[in-house]
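Shown next, in structure tokens, is the structure this report addresses.
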Amino acid sequence: MDKTVLVVDDSVSMRQMVAFTLKEAGFEVIEAGDGKEAVAKLNDGAKPNLVIADLNMPNMDGITLIKEIRTMRAHKFTPILMLTTESAEAKKKEGQTAGATGWIVKPFNPDQLLQVINKVLPG
Amino acid sequence: MTIETANIVDQQISQKEDEDQYLTFMLGEELYGVDILRVQEIKGYSKLTRIPNTPAFIKGVLNLRGAIVPIIDLRIKFTMEQVEYTMFTVIVVVVVRDRIMGMVVDTVSDVLFISGKDIQPPPALGRKVDVSFISGIARSGENLVTLLDIDRVLTDEEMEQVATAQE
Amino acid sequence: MAIDLSRFQETFFEESSEHVETIETGLLQLEHRPEDLELLNQVFRAAHSIKGNSGMFGFTAVGELTHKMENVLDGLRNNEMEVTEQIIDLLLQALDGLKSLLEVARGSGTADEEAIKTIETKLLAYQNGTERERLEAGGPRAEVQDKGATPVAERPAVPARRLVTIMWVPLPELFQRGLDPGRIFQELASLGRIHTLTVNADRLPDLPAMDAEVCYLSWTVELETEKPLKEIDAVFDFVRDESELTIAEPSAPQPPASQEMGEDEHKRLGEILVEEGEITQAQLETSLSKQKRIGEILVEDHEVGPRKITKALEKQHRLDTVARAQRGETTSIRVGTDKIDKLINLVGELVITQSMMANLTQTFTMDQVPLLQERVLELERHSREMQERVMSIRMLPIRTAFRRFPRMVRDLAIKNGKQIQLVMSGEETQLDKTVIEAIIDPLTHLIRNSADHGIEPPEERVARGKPVQGTIKLDAFHEGGNIRITVEDDGQGLNWDKILAKAKQLGMVAEGEPLGKKEVWQLIFRPGFSTAEKVTDLSGRGVGMDVVKRNIESLGGTVGVQTREGQGTKFMIKLPLTLAIIEGMTVRIGREGYIVPLVSIIESVRPTKDMMKTIVGKGEVVSLRNMFVPVIRLYDLFAIEAEFTNPVQGVLVLVEAEGTKVALMVDELVGQQQVVIKSLEKNFQKVEGLAGATILGNGEVAFILDVPGLISLAKNGSSVLV
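Residue numbers (our numbering), protein chains in the order written: chain A, 1 to 123; chain B, 1001 to 1167; chain C, 2001 to 2722.
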């Protein structure tokens, strides 16, 4: 069965790009525009094998989202990758403490994205 | 030159050099031809909506899958005798400078391969006959085919004249 | 995998322009509410998003500028500097630079690189200022980039196969972070061969004290690999920070194997020959100039005739042009996924109904007529709903047009030395995207007029007992099937005497001609009329109110004005919600049907004989409540054979356009319906008196009447006197 990835980003172009890359690589993709939407989709029964979340989002930011996900029974151990920029080292630490599995530093290209995913997604 | 063009060239080599396909149709006893690449489709005659205050050769407009397409009667345009439309009357839909237009003709006859060397320039017929929209004359077996320069037949200038005539 | 990112660029640009708007509006509001942290956060987020995304698409200049803006914004956010007018000004300037850079990235426009450099320097100065303060105060340092790796015994990378020993004591919360040690071993295995894997369970507590979600284990791996340590280390990227990790080379490394060949990049043959000194650059160029195009070669070899080549080249050119046109003309609308989901559901239902009907027709018997009718009804319901939903996709809040105005008014106020506040309401009012785009210019003009000429300078306002700060109100709301937009200022109002004097001077009004109030105000909409005493570079560009009026009318709308001298002016615009669909009345003339737009219809009457009058023998009018309205016999104007030639037998449809009323004579009113406007010009040309065409239920085409056009046509072109 195809693996499902939940992509959370308020930026449509980023989401499109990430989703497109993932779909090309054979993943199922669920999209959400911010943390709130992502939480709602998870509560609705979405069962992603991986979450990719931007940190900087309106309504509910990435750090809060990661904390929320870790409180969910079903997603306690789901790998979460956060999208960061190179200047946000402190944010990265904060994300890890909140429960993020890893990170991808923007800008990245599709290959790098897939490499990082490969790192955290059980084969 | 791009690979794509090279492909086009390849494809065209397979066809005989200097030969083009023409869709031919009848108007009375005369045979006319238009470059087949310009023909979008051929459809039976159906009821048209007349456009007010336009010359008689513009028969009206037709709904072609949601597009409003003007229809021209070539007989009227060429000042030939008018005939009743019958079940054989057809409309040849052509593309003229990004526009879609239809021409009412008596019947569609054939698709002919005509070689460039068989095409003669339109003869000078004196002032009485306008030959500006004829790209050439060719022989096909026993028949004479008048090849139409479709852009000229239905030019913008023509339409502008229509507009000025109205004023 | 090679993925072309350019297809997402359009979205990026759209998104960026939204972020730019957010920053602009935010900065303008911030000037008044400097303590609003949420607002500041919004602005920061928008800048941050542009920065992050521009990098993805390789627009470095955009990224660099936004990065500097972001830093200043961050400083504001962390209370390291204060929101001042100067900072807002600088950020707004930077934003202008950013807009131009985005345009350039998009492939149009130019950017003043010098100016942008200056702005960037200034931004840096602010940022550095705060950093210096921070240092002086001994506060926390700016974040130091930490890309450092685990302390790995740094030795030159040895690309030979050897046995590397890895000792890893992971953080206890490994699992809670979604990390999987198995995955790490898999990744290690992909780098070579795992020789031994030793589990160390020393940390494992007694069973009762054990927490199943804590990782107590640690591992020692012996990996046989030729990969450099850096790559092995990278496997632990996500776990390194809290783990204990040592990666060690074997004590006696084996001699390095053969050197890896550095791959030469792809080079052209000529370049290599030049490099190796076999030929000179000049020789190469001479030879290259002898190269022929493929077309020429084919012709020379008699493979293909010159005509074919010309044709192929033409086709190539055509394809290029088409491709270019397609690239250039893409405009897009962002649509909420919920709207799309609903449409998809609807299409699903439509398909089901369709297949049910297909089934029905295959085995149809007459007793199934009621069933068929039911299905047809269902189909109708679905398609109507679908039409409404699709139309709603084109509907956007007018905010997209309004949001540029606060900045404009601010700039105009500063420029004119005035104090002006812009109050906007009804920004969420929805209307067609095309209408929104087309209304921007007229609105810009009206607001500029108000700011430049309407609102008085402060001293004048004080002298008149008005508040120093002038107000421009911009409002939008729905009314019936229309949208109304008003632009109102509390300025000096229109000057009756000045307008009249100017009109006389321009010969628009004859001396002594009696004019009503409404007519005088309408004068300002005449071509060539402008009362601006001083021409400003913003509104004195020769584009007058006549253009405003024409633009609005071309959208099927109207514009009116109310003014009180000394108290202000109010412009009122009325627009249809959409250009694609109109409410129409179908009328019949002879055997032909025409559609009259419902907006222009006032009433319809069947006149009695004594209501019909003629003036000077031929001008025909109908008398309606002491008003004489000229009659246009449509069958006459359009040369149609009508059923009735006597108005008493037919119907008169009273219509109004541009302040003129006329009565259109038709045979019969058929009914009212919504029609989709189709262009007649796309494949044909503009026909006077017709606004376009539509397709009726039976598939036939019917024309939509252009009421203003009919009036002028009747005035100029026919025997009917108006």
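From the three backbone atoms N, C-alpha and C, an ideal C-beta is built for every residue, glycine too.
From a predicted model like this one, the values you see are computed outputs, not experimental measurements.
Exercise. So, is the C-beta of I2704(C) closer than 8 Å to a C-beta in chain B?
Worked result: no
For this session: Below 8 Å on the Cβ atoms is my guess for P48(A) versus I30(A); work out the distance and round it to an integer in Å.
Result: 6 Å
For this session: Work out the CA separation of G2348(C) and V2020(C) for me, nearest whole Å.
Result: 39 Å
For this session: Would you check whether the ligand NAD has a heavy atom nearer than 7 Å to the C-beta of V1034(B)?
Result: The model depicted lacks the ligand NAD and carries no ligand whatsoever.
Exercise. Grouping DSSP H, G and I as helix and E and B as strand, with all else coil, what is A2257(C)?
Worked result: Caution is warranted here: a pLDDT of 40 is assigned to A2257(C), below 50, making its placement in the model unreliable, and no coordinate value can be reported.
Exercise. Mind checking if G1956(C) is an interface residue toward chain A, Cβ cutoff 8 Å exclusive?
Worked result: Summary: the structure shown does not reach residue 1956(C), with chain C confined to residues 2001 through 2722, and so no result is reported for it.
For this session: Establish whether the CB of R1099(B) and some CB of chain C are separated by less than 8 Å.
Result: yes
Problem set entry | Strand pairing of T2471(C), partner residues [DSSP] | Q2421(C)
For this session: Could you pull the start and end residues of the alpha helix (DSSP H) that R2399(C) belongs to?
Result: R2399 to F2402
For this session: Could you confirm whether any beta carbon from chain C is found closer than 8 Å to the beta carbon of K119(A)?
Result: yes
For this session: Starting from N1063(B), follow its DSSP beta bridges and name the residues at the other end.
Result: I1068(B)
Exercise. At a CB-CB cut-off below 9 Å, which residues of chain C make contact with R73(A)?
Worked result: Here the premise fails: no neighbours, minimum Cβ distance about 12 Å.
Exercise. V105(A) to T85(A), Cα distance in whole Å?
Worked result: 5 Å
For this session: Spell out whether any CB of chain C is found under 8 Å from the CB atom of F77(A).
Result: yes
For this session: Check the DSSP bridge columns for V1145(B) and list the partner residues they point to.
Result: L1031(B) and A1138(B)
For this session: Could you confirm whether any beta carbon from chain F is found closer than 8 Å to the beta carbon of N59(A)?
Result: As a matter of chain content, chain F is missing from the structure shown, whose protein chains are A, B and C.
Problem set entry | Among L2624(C), Q2562(C) and F2638(C), the one whose alpha carbon lies nearest that of V2662(C) | L2624(C)
For this session: Answer yes or no: do K2678(C) and A2693(C) have a C-beta to C-beta separation smaller than 8 Å?
Result: yes
Exercise. Cα-Cα, which of L1074(B), L1148(B) and I1100(B) is closest to Q1120(B)?
Worked result: L1148(B)
Problem set entry | M2611(C), enclosing beta strand (DSSP E) - first and last residue | From DSSP, M2611(C) is part of no beta strand (DSSP E); its letter is neither H nor E.
Problem set entry | I117(A) (DSSP reduced to helix, strand or coil) | helix
Problem set entry | Proximity winner among L2037(C), I2023(C), T2022(C) and M2056(C), relative to I16(A) (alpha-carbon distances) | Before going further, note that residue 16(A) is Gln rather than Ile in the sequence given. Among L2037(C), I2023(C), T2022(C) and M2056(C), the Cα nearest to that of Q16(A) is on M2056(C).
Problem set entry | When G45(A), A90(A), E89(A) and T97(A) are compared against I66(A), the one with the closest alpha-carbon | T97(A)
Problem set entry | Beta-carbon proximity check, A2657(C) vs S2600(C), cutoff 8 Å | yes
Problem set entry | Expected contact under 8 Å - CB spacing of V8(A) and I52(A) to nearest Å | 7 Å
Problem set entry | Proximity test, Cβ basis, 8 Å: M17(A) and chain C | yes
For this session: Return the first residue and the last residue of the alpha helix (DSSP H) that R2484(C) is part of.
Result: Note, R2484(C): premise wrong, no alpha helix (DSSP H); beta strand (DSSP E) at N2482 to D2489.
Problem set entry | chain C within 8 Å of V8(A), Cβ atoms only | no
For this session: Count the other CB atoms, across all protein chains shown, that sit within 10 Å of the CB of M72(A); report buried if there are 16 or more and exposed otherwise.
Result: exposed
Exercise. Whose C-beta lies closer than 6 Å to the C-beta of L114(A) among residues of the same chain, with five residues either side of it excluded?
Worked result: A25
For this session: Kindly say whether P5(A), judged by its beta-carbon, lies nearer than 8 Å to any beta-carbon of chain C.
Result: Note that residue 5(A) corresponds to Val in the displayed sequence, not to Pro. It does not: the Cβ of V5(A) has no partner Cβ on chain C nearer than 8 Å.
Exercise. Relative to the alpha-carbon of Q2421(C), which residue among A2438(C), Q2373(C) and K2473(C) has its alpha-carbon at the smallest distance?
Worked result: K2473(C)
Problem set entry | DSSP state of F2008(C) mapped onto helix, strand, coil | helix
Exercise. Where do the N-terminal and C-terminal ends of the beta strand (DSSP E) with N2200(C) fall, by residue?
Worked result: G2192 to N2200
For this session: Rounded to whole angstroms, what's the CA-CA distance from P2250(C) to E94(A)? Just pull it up for me.
Result: 36 Å
For this session: May I ask you to report which of helix, strand or coil DSSP gives M1026(B)?
Result: strand
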